[in-house]
Every structure is written in structure tokens, then in C-alpha cells.
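Numbering (our numbering), first residue to last: 2 to 217. In this text, a Cβ means the ideal position worked out from N, Cα and C, and glycines have one as well. Below you'll find the structure, written out as C-alpha cells, and then a few comments.
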């Protein structure tokens, strides 16, 4: 069977991550598709993976490539910790991730690395060429243009007071929800991760609307 682009299972995807106070919030839809998003192959894909005690990776692109990349990054982080006695800082982990993406055969990968260390919360936009860009918020995947519009609006609204953790959860859910309205490769609920110095906590929601309003 030829490994054509249409035969490769992709997450299609909308994934986002944003820094909020002393934490990072990440969210991703749960749909996988083939044929350029024309056929939904899985409705319950976990697109956020913990790769470090206080860091997670969102995945967008080829499922096989990204599963391999997650395994590689976990191994690299573990080896770093074994050799040095402490887990890598987020900058060190981002550098490792960029190096492996540049060297590896990851044809279609657009991950986001999100984590917390002694310096605070970090969000990195990674690409298959090994590029690493840190930002306050990042979106990736086929629905990223729609998600960015929501993230920019939500973050600018909170600019003076700073984005609270709860507001970040709402912003992330709204961004993914907006993308699923128009992007056929995104959908089927979302996974939301909250990353702090205590670790990574993830929850799945069948309907993003459960999170799109700030609690009174």
C-alpha cells in the first residue's frame, strides 16, 4: 500500500496554549481524519501528551509522526534528568524538541510545547524544520486561523489585569470551539490541560460549551 498523503491519518486539528499567571492552559479538539479531512477516522483522539513532569505537547499533523516524536521527547527529557539530576528547564526542553524535529523524519508536525519551570510559564511554537518561537499564546493545526482570532481578542481584553487561569480556560475552549464551527478536520469535543509547578492535569469534554463561560 502506497503511503500517500490521503492515506495518512492526521489529527487535522485545532490546538492552542496560553500562559496565565503561574500556569499554562492548553486545549485541543479530539478528531482524527484521513483524505484531507474528508473522512473522520477517530472521534476520541488524545492530542495533548505529557512529556515532562511539568510540560505537555499538543499534536497537530500526522498521527504516526507525532506519536513517534512524543516518545522521543519523553526519552530525551528522562535521559537529561538522569544525567543532570533535575528535569530540563523549559528552554532546554524546547531546544531538545527543536533539534529532534530538525533531525527527524517528521513530515507533517506542528506541535506546541507548553510548560512551567522556576522562571514561570512558557509556550513554544514548534515546526517541522526545528523552529522554536516562544509566545504568550499559540495556535496550531488546520483551524489555527480561526483560533488565533479568538485568542487575540480574549488576551487583549484581559491585558490590563492579566489573564487569570479561569479566563485562560475559557479562552482556550472558545478558540477551539470557534475553529470547529468552520474547520471540518476539527471537532468531537476537546481535551483541556492545566499545567502548573505541581504537574499536568487533563480533562475531556464532549461539548466545549461546558467551558466557554467564566464561572460567576
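For residue 131, there is no enclosing beta strand (DSSP E), as DSSP gives it neither H nor E. Judged by pairs of C-beta atoms under 8 Å, the region 28-37 does not touch the region 77-87, as fewer than three such pairs exist. For residue 92, the enclosing alpha helix (DSSP H) starts and ends at 91-104.
Beta-bridge pairing by DSSP links residue 43 to 33. Residue 81: member of the alpha helix (DSSP H) spanning 64-85, first to last residue. Inclusion of residue 67 and residue 122 in the CB contact set at 8 Å is not warranted, their separation being larger than that value.
The Cβ-Cβ distance between residue 117 and residue 196 falls below 8 Å. For the pair residue 174 and residue 115, the CB atoms are not nearer than the 8 Å cut-off.
Beta-bridge pairing by DSSP links residue 191 to 30 and 206.
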